[in-house]
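In my numbering, the protein residues as written are 316 to 569.
Heads up, the beta-carbon is just placed ideally off N, CA and C, and yes, glycines get one too.
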């Protein structure tokens with residue numbers, strides 16, 4: 316049986332990776348043999364005393380490393396021939412942590428930008444919003460306009476430290492394998508940058524309303540977290556739906 320040690324329980328940074336390492340050890344030790352199905356997400360969250368988003372990130376880390384296979388509508392299964400390394404690879408920071416940091420930094424950046432933004436920068440935001448609409452309708456969707464929109468706001472603060480932090484958070488979002496995999500699941504679920512939420516941010520900036528700009532940015536990024544939660548939960552929902560359909564078909568024959 317896996318027991319969480321103190322460092323796993325108390326360290327926020329890369330918690331998903333610590334959980335993934337413990338699950339990888341359990342797989343190598345035979346607790347979960349090849350072709351077996353891992354326990355449900357809720358059970359794993361209870362076992363490790365972590366949140367369900369952390370479990371989702373850990374499962375995706377194991378999937379990238381080749382330990383498990385996520386089968387839509389069925390569950391998570393141990394690969395017949397998985398890697399034998401002692402730990403999962405360093406997949407960097409997960410998207411939930413990145414978004415939490417963005418809420419803190421970009422919310423305050425929007426508040427400051429409302430006081431300092433120029434008419435030229437406001438026009439840049441309008442152009443970025445138009446580009447976002449076009450990107451949402453096209454293929455493939457790289458979301459460059461979304462990033463540009465947020466970085467225009469960061470630069471409008473006239474604070475190079477804020478710009479640097481925001482650039483780094485976007486770099487983490489785009490380069491972290493674990494983040495990229497989860498964002499791909501979001502795209503596959505049909506989730507796109509929400510135009511109306513960005514328009515609310517722009518409206519607050521046009522009014523030079525600092526509190527409203529901060530609130531609009533924080534609410535937008537909080538909804539993005541919910542998008543990730545919804546998208547990564549899609550497998551479990553699909554599994555439940557198919558189970559209901561199987562039972563309905565079985566009992567209809569009685």
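Residue 361 sits away from residue 370, with the two beta carbons spaced by 7 angstroms or more.
In the three-state reduction of the DSSP assignment, residue 422 falls in the helix class. For the pair of segments examined, the region 380-398 was found not to touch the region 472-490: the number of CB pairs separated by less than 8 angstroms stays below three. Per DSSP, the continuous alpha helix (DSSP H) segment holding residue 331 begins and ends at 330-343. Of the candidates 338, 538, 500, 496, 338 places its Cα closest to the Cα of residue 359. If you look at residue 383, you'll find it in the beta strand (DSSP E) that goes 383-386. The Cβ atoms of residue 418 and residue 487 do not sit closer than 7 angstroms to each other. Three or more Cβ pairs closer than 8 angstroms define a contact, and the region 418-428 falls short of that threshold against the region 372-379. For residue 529, the secondary structure class from DSSP, reduced to helix, strand or coil, is helix. Residue pairing of residue 391 in beta bridges, as defined by DSSP: 385.
Take the alpha-carbon of residue 512 and the one of residue 502: they are about 18 angstroms apart. A residue is called buried when at least 16 other Cβ atoms come within 10 angstroms of its Cβ; residue 459 does not meet this threshold and is exposed. Just so you know, the alpha carbons of residue 546 and residue 435 end up roughly 37 angstroms apart. Membership of residue 435 in the alpha helix (DSSP H) is indicated by the continuous run 434-452.
Partner residues in the beta bridge of residue 352, as assigned by DSSP, are 392. According to the DSSP assignment, residue 365 belongs to no alpha helix (DSSP H), since it is labelled neither H nor E.
Distances from the CA of residue 446 to each of 482, 514, 480, 385 were compared; the closest alpha carbon is that of 514.
Sequence-distant partners of residue 519 (beyond 5 residues in either direction) whose C-beta falls short of 6 angstroms from its own C-beta, in its chain, are 527, 528, 531. Of the candidates 470, 462, 500, 383, 462 places its Cα closest to the Cα of residue 536.
In this chain, the alpha helix (DSSP H) harbouring residue 459 covers 459-471.
Residue 409 counts as buried, since no fewer than 16 other beta carbons sit within 10 angstroms of its beta carbon.
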